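Student:
Numbering (full-length UniProt numbering), first residue to last: 1 to 566.
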């Protein structure tokens, strides 16, 4: 498809001379280039397709970057990037990797924050608006929030303060009826009622909090959005603009399968089918097999997710046991503290989390679980060293979780260990247990004499012992096989408390202990081992990730930099 209008757009001011017909054609062209790229690279499909018109309208009516827009999560900012000088990253395959999938201040003066987690935009915009007022400056400040982010605790805290401002602040609630999956909770029932009454329902949380409020039904109609933005530009008080859009608008597979196309791996554009589907057993399958064993055996388990059921295919469990399945929406804090309450009443809750999102619930992990010693099981996925946005790093969970008193963090290396650790976690009463789901392909090995807190010496040698945490155990085994002497290979299992007996035994016939972890070295497992051996003759080498937010490096580059190759 040709893109004659888009070819003329190099900055937002270029939009201001275009007719409605030309802007409408531009929306079609942008939708085409969005789909063309994400079908090849993967990316956020539905969120971006749903905001094409309102983004074009914003940059046509407002004057960015004097007028400022803060995108919540910012996974819906592709059109914004295209219109603010970064279109080559969608037009030219050689430049596909030039820009982040989220807003990035280093890329453009039109981006103000590096944002990849939810519910932050209102608080950020309120801070910007209050600073503008204190400095005697002018300009509109808009927060765009949607995709389930509104139910996050920080969003509600932001609304609480935003409503007290006496100056310009626009909160655009992009209501497509979805989070990553479907929305859950009373707040979204209220939004649904507002949609069904064209904004007239008396059950209006925004008015109750003191906001001016306006409902816009046709959020994917460019003419409507242009008109609305003209009318509210330079408003002198906080207003909530409740805009109804369609997630995936303009691409039928994304409309029909909204959850699957929230973020999608490369797919065939004509059919929407995944180009390289996963085949064979996965650790998700292993988890579900153990869930069914526990449920059948009468273990009073519940499965809790904070709006990421797809990461674990949890709807598989939910369909079989709907009363025992809880999706709390994008609210990691709620997921952990809900689990704490259930555990206190005798249930055995399992919270299914993404490591990069779980950091949002740090206080709950420490205060509600650790201090109270409640037997909640936490499954943690995404713990890996990989290329990606700085906001989505999978290397900090080990340092975070393994240093909370009373919380046990386990790192299985095989499917047998994963199942044994789940069973252990669900039947012990010492406190919370988190399990780091391996990031590699499924490995299998016989399991004998399992003890979650005792290191598993897989091969006893001498001189050098290599401890491979979780997904890096195969690397430890490969290295041992390449040595010109018989080294020792150990699976640590528990990465929060050291098995001091096994480590002490190594002092008899070893000179060097090597640790491998797919996590940040700072605060990690290797540091604990090095500290243990500090007053002995044993030397240590720790291999893992640097304490930093990785950005444009490839996964291969990172693994070589961190010396995590044989």
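Ideal Cβ placement from N, Cα and C applies to all residues, glycine included.
Quick caveat: nothing in here was measured; it's all calculated off a predicted structure.
Over the uninterrupted beta strand (DSSP E) stretch that includes residue 71, give me the two end residues.
Tutor: Where residue 71 is concerned, the enclosing beta strand (DSSP E) stretches over 68 to 71.
Student: Given a threshold of 16 other Cβ atoms within 10 Å of its Cβ, counted over all protein chains shown, does residue 277 qualify as buried or as exposed?
Tutor: Burial call: exposed.
Student: List the whole-angstrom C-beta distance separating residue 148 from residue 307, where the pair is believed to meet the contact cut-off of C-beta under 8 Å.
Tutor: Yes, residue 148 and residue 307 are in contact; Cβ-Cβ is about 6 Å, under 8 Å.
Student: Are the beta-carbon atoms of residue 364 and residue 337 separated by less than 8 Å?
Tutor: Cβ distance < 8 Å, so residue 364 and residue 337 count as in contact.
Student: What would DSSP say about residue 188, mapped onto helix, strand or coil?
Tutor: Correct three-state label for residue 188: helix.
Student: What did DSSP end up calling residue 349 once you bin it into helix, strand or coil?
Tutor: Residue state, collapsed to three classes: strand.
Student: What runs of the alpha helix (DSSP H), each 4 residues or longer, lie entirely inside the region 152 to 180?
Tutor: Counting only runs of 4 or more, we get 153 to 162.
Student: Short of 6 Å in beta carbon distance, which residues of its chain neighbour residue 262, apart from the five on each side in sequence? Order them along the chain.
Tutor: Correct list, in chain order: 46, 180.
Student: Among residues of its own chain, excluding the 5 on either side of residue 433, which ones have a beta-carbon nearer than 6 Å to its beta-carbon?
Tutor: Answer for residue 433: 377, 408, 425, listed in chain order.
Student: Leaving out five residues on either side along the sequence, give the residues of the same chain with a beta carbon under 6 Å from the beta carbon of residue 436.
Tutor: Result list for residue 436: 380, 383, 411, 470, in chain order.
Student: According to the neighbour-count rule (16 or more other Cβ atoms, all chains shown, within 10 Å of its Cβ), is residue 48 buried or exposed?
Tutor: With 16 or more other Cβ atoms within 10 Å, it is buried.
Student: Please classify residue 549: is it buried, with 16 or more other beta-carbons within 10 angstroms of its beta-carbon, or exposed?
Tutor: Exposed.
Student: How big is the Cα-Cα spacing for residue 398 and residue 519?
Tutor: So the alpha carbons of these two residues sit roughly 6 Å apart.
Student: With respect to the alpha helix (DSSP H) encompassing residue 52, which residues constitute its N-terminal and C-terminal limits?
Tutor: From DSSP, the alpha helix (DSSP H) with residue 52 extends over 52 to 61.
Student: Name the two residues that bound the continuous alpha helix (DSSP H) containing residue 22.
Tutor: Unbroken alpha helix (DSSP H) run through residue 22: 20 to 41.
Student: Using a Cβ-Cβ cut-off of 7 Å (strictly less than) and excluding sequence neighbours within five positions of residue 193, which residues of its own chain qualify?
Tutor: So the list reads 201, 203, once near-sequence residues are dropped.
Student: Verify whether the separation of the beta carbon atoms of residue 198 and residue 215 is less than 8 Å.
Tutor: In this structure, residue 215 lies closer than 8 Å to residue 198 by Cβ.
Student: To the nearest angstrom, how far is it from the Cα of residue 234 to the Cα of residue 340?
Tutor: Distance between the alpha carbons of residue 234 and residue 340 is about 46 Å.
Student: Whole angstroms is fine: what's the gap from residue 477's alpha carbon to residue 522's?
Tutor: Their backbone Cα atoms lie some 24 Å apart in a straight line.
Student: As an exercise, report each continuous beta strand (DSSP E) stretch of at least 3 residues that is fully enclosed by the region 271 to 320, in chain order.
Tutor: Fully enclosed beta strand (DSSP E) runs of 3 or longer: 301 to 305.
Student: Where does residue 375 land, buried or exposed, given buried means 16+ other C-beta within 10 angstroms?
Tutor: Buried: at least 16 other Cβ atoms inside 10 Å.
Student: Cα separation between residue 335 and residue 546?
Tutor: For residue 335 and residue 546, the distance between alpha carbons rounds to 30 Å.
Student: Which stretch, first to last residue, makes up the beta strand (DSSP E) that contains residue 215?
Tutor: 212 to 216 is the extent of the beta strand (DSSP E) around residue 215.
Student: For the region 6 to 23 against the region 78 to 93, do three or more pairs of beta-carbon atoms, one drawn from each stretch, fall closer than 8 Å, so that the two count as touching?
Tutor: The region 6 to 23 vs the region 78 to 93: in contact.
Student: Is residue 39 near residue 269, with beta carbons less than 8 Å apart?
Tutor: A contact, by the Cβ cut-off of 8 Å.
Student: Who are residue 491's beta bridge partners in DSSP?
Tutor: Paired residue(s): 456.
Student: Let me see if you follow: with CB-CB separation under 8 Å, is residue 177 close to chain B or not?
Tutor: In the structure shown, chain B does not exist; there is a single protein chain.
Student: Apart from the five residues on each side of it in sequence, which residues of its chain come closer than 8 Å, Cβ to Cβ, to residue 275?
Tutor: So the qualifying residues of the chain are 265, 266, 267, 268.
Student: Whole angstroms are fine: how far does the CA of residue 134 sit from the CA of residue 112?
Tutor: Approximately 19 Å between the Cα atoms of the pair.
Student: When you compare only the Cα positions, how much space is there between residue 404 and residue 126?
Tutor: For residue 404 and residue 126, the distance between alpha carbons rounds to 33 Å.
Student: When the Cα atoms are used, what is the spatial distance from residue 228 to residue 98?
Tutor: Those two C-alpha atoms are separated by around 34 Å.
Student: In terms of residue numbering, what span does the alpha helix (DSSP H) encompassing residue 48 cover?
Tutor: Segment 46 to 49, the alpha helix (DSSP H) holding residue 48.
Student: Quick one: any contact between the region 555 to 564 and the region 528 to 535, if contact means 3 or more CB pairs under 8 Å?
Tutor: Counting Cβ pairs under 8 Å, fewer than three are found: no touch.
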